[in-house]
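Before any comments, here is the structure.
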Amino acid sequence: MGEMKSIETLSGNESFPAYVAAPDGTAKAAIIVIQEIFGVNKGIRAKCDTWAKAGYLAIAPDLFWRVNDNTDLDADVPEEFQTALDLMNKFDQDQGIRDIEATIHFARQSVDGGKVGCVGYCLGGRLAFMTAARTDINASVGYYGVGIDGLLRESHAIAHDVMLHIPTADGFVSPEAQAAMHEGLDDHPKVTLHDYEGLDHGFAAEFGARRDEAAANLADSRTAEFFKKHLG
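In this note's numbering, each residue's number is its place in the sequence shown (first place is 1) plus 49.
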């Protein structure tokens, strides 16, 4: 359904690739799908295709383009998992947010100035929270975002609605970090947190061993309703 397109950086001096899936007919809004550490792989592309079938323009920017070309890795292959970790360590998250902001501009132009949301997974979940605090994105969703407890000082800058999906047995997010997220965000008027008891990181992956079907469907249904409310 989708195809690779180029998006200009904020400076306009360079461009980076993005997977873009368009709906049949006019898109009601745009959704930016923010990758895990595994790049714009088949799972991320499938999520874009699903949003396009729901009537949205879906865009997954290749955020690792500055450190590696065409990252497309499988979380279930140990060597590729290690490659993904190495790429994450080279990745500049602040620069990544600027590339997401460039993607927001591209998305808004593509939907004639309409609303733009984002949904991210793992590293992308963290970036979705940062995007909510640092850009004018209309709605943001993060799945099992890592290190959000260290970003809580930015929560005052969140102007539009945010939803976070938190598996309680996440091997990358400690119980202490989860508690800090709840303490810092439960009273925030724009933030909603959902816990998934006993589930681990990656439970909503589109493919592979990490997926929990029932929980993934529940979280995805909540996300769909969230975007329907805030994007149209």
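Every residue gets a Cβ at the ideal spot worked out from N, C-alpha and C, and that includes glycine. Small disclaimer: the values here were computed from a predicted structure and weren't measured.
Through-space distance from C167 to P66, alpha-carbon basis: As a position in the sequence shown, residue 66 is number 17, starting the count at 1. As a position in the sequence shown, residue 167 is number 118, starting the count at 1. Spanning the two alpha carbons is a distance of roughly 17 Å.
Use the C-beta contact count for T120: other C-beta atoms within 10 angstroms, 16 or more gives buried, fewer gives exposed. In the sequence shown, counting from the first residue as 1, residue 120 sits at position 71. Using a 10 angstroms sphere on the CB of T120, the tally of other CB atoms reaches 16 or more, which defines it as buried.
Buried or exposed for F275, going by 16 or more other Cβ atoms inside 10 Å? Position 226 of the sequence shown, counted from the first residue, corresponds to residue 275. Burial state of F275 is buried, judged by a 10 Å Cβ sphere holding 16 or more other Cβ atoms.
Residue nearest to L280 in terms of C-alpha spacing, selected from G51, P110, W100: By 1-based counting over the sequence shown, the position of residue 280 is 231. Of all alpha-carbon atoms in G51, P110, W100, the one lying nearest the alpha-carbon of L280 is that of W100.
Quick check on G233: does DSSP put it in helix, strand or coil? On the sequence shown, residue 233 is found 184 positions in, with the first residue counted as 1. Three-state result, G233: helix.
Could you name the residues of the same chain whose beta carbon sits closer than 7 Å to that of F130, not counting the 5 residues immediately before and after it, in chain order? Sequence index remark: in the sequence shown, residue 130 carries index 81 (1-based). Residues A124 of the same chain have their beta carbon placed closer than 7 Å to that of F130, with the five preceding and five following residues left out of the count.
Give me the residue from V82, I86, A78, F178 with the minimum Cα distance to E159. Walking along the sequence shown from the start, residue 159 turns up at place 110. One point to set straight first is that residue 159 is Ser, not Glu, in the sequence displayed. For S159, the nearest C-alpha among the options comes from A78.
Could you check what DSSP says for A273 in three-state terms: helix, strand or coil? Sequence index remark: in the sequence shown, residue 273 carries index 224 (1-based). Three-state result, A273: helix.
Identify, in the order they occur along the chain, each residue of the same chain with its Cβ nearer than 6 Å to the Cβ of A264, setting aside the five sequence neighbours on each side. Working through the sequence shown from its first residue, we reach residue 264 at position 215. The beta carbon of A264 lies closer than 6 Å to those of Y245, L248, F252 in the same chain, with the five residues before and after it left out.
State the DSSP-derived secondary structure class of I215, mapped to helix, strand or coil. Here residue 215 corresponds to residue number 166 of the sequence shown, with the count starting at 1. Residue state, collapsed to three classes: strand.
Tell me the DSSP secondary structure of P72 in three-state form. What you label residue 72 is simply residue 23 of the sequence shown in a count that begins at 1. Of the three classes helix, strand and coil, the one that applies to P72 here is coil, per DSSP.
From what residue to what residue does the alpha helix (DSSP H) around I146 run? Position 97 of the sequence shown holds residue 146. For I146, the uninterrupted alpha helix (DSSP H) run begins and ends at 142-159, by DSSP.
Between I80 and K164, what straight-line distance do the alpha-carbon atoms span, to the nearest angstrom? The count along the sequence shown starts at 1 and reaches residue 80 at position 31. The count along the sequence shown starts at 1 and reaches residue 164 at position 115. Near 9 Å, if we compare the C-alpha coordinates of K164 and I80.
List, from N- to C-terminal side, the alpha helix (DSSP H) runs of 4 residues or more that fit wholly inside the segment 63-134. Unbroken alpha helix (DSSP H) stretches of 4 residues or longer found wholly inside the segment 63-134: 91-102, given in chain order.
Which first and last residues belong to the beta strand (DSSP E) in which M53 is found? For the purposes of this step, residue 53 is taken as the residue at position 4 of the sequence shown. Membership of M53 in the beta strand (DSSP E) is indicated by the continuous run 52-57.
Identify which residue in P216, L201, E255 has its Cα closest to the Cα of E232. As a first step, residue 232 is located in the sequence shown; it is residue number 183 there, counting from the start. When only C-alpha atoms are compared, the closest one is L201.
My assumption, with CB atoms under 8 Å, is that Q84 sits in contact with G173. Please give the rounded CB distance. As a working note, residue 84 is residue 35 in the sequence shown. As a working note, residue 173 is residue 124 in the sequence shown. About 5 Å separates the Cβ atoms of Q84 and G173, confirming a contact at the 8 Å cut-off.
If you drop the 5 nearest sequence neighbours on each side, which residues of the same chain put their C-beta closer than 7 Å to that of A76? Counting from one through the sequence shown, the residue named residue 76 turns up at place 27. Around A76: G104, Y105, L106, V160.
Cβ neighbours of V240 in the same chain (closer than 6 Å, five flanking residues each side left out): Reading the sequence shown from its first residue, position 191 is the one you call residue 240. Closer than 6 Å at Cβ, skipping near neighbours: V211, L234.
Nearest CA to the CA of N230: which residue from D198, I215, L213? Within the sequence shown, the letter at position 181 stands for residue 230. Going by the sequence as given, residue 230 is Met instead of Asn. Looking from the CA of M230, the closest CA among D198, I215, L213 belongs to D198.
Please check the pair G196 and L176, which I expect to be a contact at CB under 8 Å, by giving their CB distance rounded to whole angstroms. By 1-based counting over the sequence shown, the position of residue 196 is 147. By 1-based counting over the sequence shown, the position of residue 176 is 127. Not quite, the Cβ-Cβ distance comes to about 10 Å (not below 8 Å), so this is no contact.
So who's on the other strand from G191, going by DSSP bridges? To locate residue 191, count along the sequence shown from 1; it is residue 142. According to DSSP, which records beta bridges pairwise, G191 is partnered with G169, L213.
Just checking my contact of E255 with A95 at CB under 8 Å: how many whole Å lie between their CB atoms? Sequence index remark: in the sequence shown, residue 255 carries index 206 (1-based). Sequence index remark: in the sequence shown, residue 95 carries index 46 (1-based). The beta-carbon distance between E255 and A95, rounded to whole angstroms, is 5 Å. This is short enough to meet the 8 Å contact definition.
From D261 to N62, what does the alpha carbon distance come to, in whole angstroms? The residue you call residue 261 lines up with position 212 of the sequence shown. The residue you call residue 62 lines up with position 13 of the sequence shown. Going from the Cα of D261 to the Cα of N62 covers about 42 Å.
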